[in-house]
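Trainee: I have a structure here, written as structure tokens, and I will follow up with some questions on it.
2 protein chains.
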Amino acid sequence: MKTQLKKGTLDMCVLAALAAGDSYAYELVSILSRSMEVSEGTMYPLMRRLQAEAWVSTYLVESASGPSRKYYTLTAAGRQQLVLMQQEWQEFVGDVNSVLQLAAGRAKGESA
Amino acid sequence: MKTQLKKGTLDMCVLAALAAGDSYAYELVSILSRSMEVSEGTMYPLMRRLQAEAWVSTYLVESASGPSRKYYTLTAAGRQQLVLMQQEWQEFVGDVNSVLQLAAGRAKGESA
DNA sequence: CTCCCATACCTTGCATTACACGGTAGAGGG
DNA sequence: CCCTCTACCGTGTAATGCAAGGTATGGGAG
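If you read the sequences in order, they're chains Z and D.
Residues in the first sequence are numbered from 1 upward in steps of one, following the UniProt record's numbering.
Residues in the second sequence are numbered from 1 upward in steps of one, following the UniProt record's numbering.
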């Protein structure tokens with residue numbers, strides 16, 4: 001029900017996960033699922049977008065327990081983008097929190 | 001360009017602003033604009049949604065410098081919802097930050 | 001051998017929501 | 001009369017998360 005909150009942050013989360021090491025979509029879902037809810041239907045289109053932006057590149061690796069895995073690596077541009085996104089994210093969190101604090105005082109009836 | 005980040009937070013921001021005192025859409029835009037970018041085209045549909053959820057109620061007040069103003073007040077349900085949203089927001093921020101920190105260590109070549 | 005499950009890939013269609021753009025209308029100044 | 005500021009509103013578009021469904025590989029259960 002709070003899926004709207006994720007809009008725009010998943011890209012950053014995936015890039016961050018990839019900064020910790022190469023991975024593939026199916027695994028990324030389970031990695032991120034440890035901290036937040038994500039579904040496959042979100043992941044695959046997302047990875048396509050990241051690749052279209054040239055923030056990641058791919059290579060195939062055969063698996064002994066199923067189909068080949070499509071691994072993703074951060075490109076230099078991807079690393080740069082991650083830094084940028086983190087800055088925007090923290091700035092945004094600060095903005096929202098400042099709005100929340102604006103209200104906090106008066107909400108309890110403290111008149112001035 | 002980071003409009004996606006706002007998805008789902010504007011409702012909360014508006015409710016928070018109203019917790020500090022009744023207001024009308026046009027004014028809410030300028031209030032929130034002090035902390036973040038919002039446009040009128042966003043505000044009016046948003047207010048209708050909040051009202052449809054019964055989180056706010058309205059009353060008209062004539063103005064000496066233009067058309068009548070449609071003021072919005074938080075309902076009891078609105079106050080409750082604000083608290084809920086704030087909890088979800090902080091939880092979400094924590095989740096995202098934990099993902100970001102996951103990557104932080106290894107990104108610099110610290111091989112555990 | 002067959003069936004099923006876990007792995008791993010992918011697509012289509014839907015819902016939500018922020019915003020640009022455009023339109024209406026009152027009050028006051030040039 | 002026109003223009004600006006205030007203040008309201010609607011339509012259509014873009015972005016994106018997700019449910020649901022589809023394909024294929026490999027191994028274990030029956």
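All C-beta atoms, glycine included, are put in the ideal place defined by N, C-alpha and C.
#1: Can you list, in chain order, the residues of its chain with a C-beta nearer than 6 angstroms to that of R69 of chain D? Leave out the 5 residues immediately preceding and following it.
#2: Which term fits L84 of chain Z, buried or exposed, when burial requires 16 or more other beta carbons within 10 angstroms of its beta carbon?
#3: Helix, strand or coil for S57 of chain Z? Go by DSSP, reduced to three states.
#4: Check whether the segment 25 to 45 of chain Z and the segment 97 to 104 of chain D touch, using three or more Cβ-Cβ pairs below 8 angstroms as the test.
#5: How long is the line joining the alpha carbons of C13 of chain D and R49 of chain D, rounded to whole angstroms?
#6: Assuming T73 of chain Z is part of the beta strand (DSSP E), what are its boundary residues?
#7: Under a three-way DSSP split, which group does S23 of chain Z fall into?
#8: Could you have a look at E37 of chain Z and say whether DSSP puts it in helix, strand or coil?
#9: Please report the residue range of the alpha helix (DSSP H) in which T3 of chain D lies.
#10: Are the beta-carbon atoms belonging to Q4 of chain Z and G8 of chain D less than 7 angstroms from one another?
#11: With 16 other CB atoms within 10 Å as the buried threshold, where does G41 of chain D fall?
#12: For residue 121 of chain D, I'd like the list of residues in its chain whose CB is within less than 8 angstroms of its CB, leaving aside the five on either flank, ordered along the chain.
#13: What's the C-alpha gap between A104 of chain D and L15 of chain Z?
#14: Can a CB atom of chain D be found closer than 7 angstroms to the CB of G8 of chain Z?
#15: Any C-beta of chain D sitting closer than 7 angstroms to the C-beta of K108 of chain Z?
#16: E62 of chain Z by DSSP, collapsed to three states: which one?
#17: Relative to the alpha-carbon of Y44 of chain Z, which residue among Z:E53, Z:Y26, Z:T58 and Z:A54 has its alpha-carbon at the smallest distance?
#18: Below 8 angstroms on the Cβ atoms is my guess for K2 of chain D versus E88 of chain Z; work out the distance and round it to an integer in Å.
Mentor: So, from the data block:
#1: Y24, V61 and S63
#2: exposed
#3: strand
#4: yes
#5: 14 angstroms
#6: R69 to L74
#7: Residue state, collapsed to three classes: strand.
#8: coil
#9: T3 to K6
#10: yes
#11: exposed
#12: For residue 121 of chain D there is no data in the structure shown, the boundaries of chain D being 1 and 112.
#13: Taking C-alpha positions only, A104 of chain D is separated from L15 of chain Z by approximately 11 angstroms.
#14: yes
#15: Confidence at K108 of chain Z is low in this model, with a pLDDT of 46, below 50, so its placement is unreliable and no value can be given for it.
#16: In the three-state DSSP reduction, E62 of chain Z falls in the coil class, being neither helix nor strand.
#17: Of the listed residues, the one whose Cα sits closest to Y44 of chain Z is Z:Y26.
#18: Rounded, the Cβ-Cβ distance is 5 angstroms, consistent with contact.
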